[in-house]
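Offset between the sequence shown (1-based) and this note's numbering: plus 1246.
We treat Cβ as the ideally placed atom computed from N, Cα and C, and that holds for glycine.
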Amino acid sequence: MERVHRGYSDYRVARELDLDRSTVLRWRLAGEFPERQDVPRSRQVDSFSTYLQQRWDEGCRNGTELWAELRQQGFTGGLDLVRIWIRRRYGLQSSRPRERRPQQRRASATQWLWLLLNEPVRHQHLLADLYRQIPELAANAQAAREFFRIVCQRDITAWPRWLEQTRHTALAGFALSVQRDETAMMAALRLPWRNGPVEGHVHRLKMLKRQMYGRARFDLLRLRVLHAH
1247 MERVHRGYSD YRVARELDLD RSTVLRWRLA GEFPERQDVP RSRQVDSFST YLQQRWDEGC
1307 RNGTELWAEL RQQGFTGGLD LVRIWIRRRY GLQSSRPRER RPQQRRASAT QWLWLLLNEP
1367 VRHQHLLADL YRQIPELAAN AQAAREFFRI VCQRDITAWP RWLEQTRHTA LAGFALSVQR
1427 DETAMMAALR LPWRNGPVEG HVHRLKMLKR QMYGRARFDL LRLRVLHAH
């Protein structure tokens, strides 16, 4: 106001004090700086304290509900004012905190597949309930377990029966694709050879190649493969 009394223009005062020109104009028309009222805004709710006390005694703890009821009675403040007033009055939140339920971890598709193929004893009740909800799943799981048993035990005599059983299951397409290459399947069940050693050498070769980061030529890779233990 000192600059205004000196005759400074509103534009100059606003520029020097970094204010809006409308703010300077309002001060100049008022004749003095309007002092701010240091009154907590939550006191606006005090006129409704009797009603709030009554509703609180009746068991209402929902701040949103109380605020809506006050609005119908002429209250113009916001929801936060009601919550602040209740917190200061009762030392509580305006609404009951929700109970956090422990999160239950859901089994992934891989975990369910492991249960279906292995069927451990401790999960028999869980799988039995699942089979009751999805009856066709029991036949599919039984067909998959039987296929693994045939391969692991080399039970070649059970092979035709398995093909017949899977014709009406979800594994029908898989069984048909294996049957198209039945010669290789029969050889795998009869012969003792496996491609495990070959796969092991392939993985060892890839490991040695990655260790060189592609910097060496084939002759160095050959020496490492021959002399690696």
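| said: Given this structure, state the Cα-to-Cα distance separating A1390 from V1471, to the nearest angstrom. | reply: So the two alpha carbons sit approximately 39 angstroms from each other.
| Beta-carbon separation (whole angstroms), G1309 vs R1329, contact threshold 8 angstroms | 5 angstroms
| request: Return yes when the Cβ of V1291 is within less than 8 angstroms of the Cβ of G1253, no when it is not. | output: Between G1253 and V1291, the gap from beta carbon to beta carbon reaches 8 angstroms or more.
| query | For E1304, which of helix, strand or coil comes out of DSSP? | reply | coil
| field | Whole-angstrom distance between Q1399 and A1385, CA atom to CA atom | value | Their backbone Cα atoms lie some 21 angstroms apart in a straight line.
| Among the residues of its own chain, which have a CB less than 6 angstroms from the CB of W1313, if the five just before and after it don't count? | L1325, V1328
| query | Between R1301 and the rest of its own chain, which residues show a CB-CB distance below 8 angstroms, the 5 nearest in sequence each way excluded? | reply | L1312, E1315
| message | If you reduce the DSSP assignment to three classes, tell me which class V1285 lands in. | response | Reliability fails at V1285, whose pLDDT of 45 lies under 50, so the model's placement of it is uncertain and no value is given.
| field | For M1431, the nearest candidate out of D1401, K1452, G1305, H1473 (CA to CA) | value | D1401
| query | With burial defined as no fewer than 16 other Cβ atoms inside 10 Å of the residue's Cβ, what is the status of T1412: buried or exposed? | reply | With 16 or more other Cβ atoms within 10 Å, it is buried.
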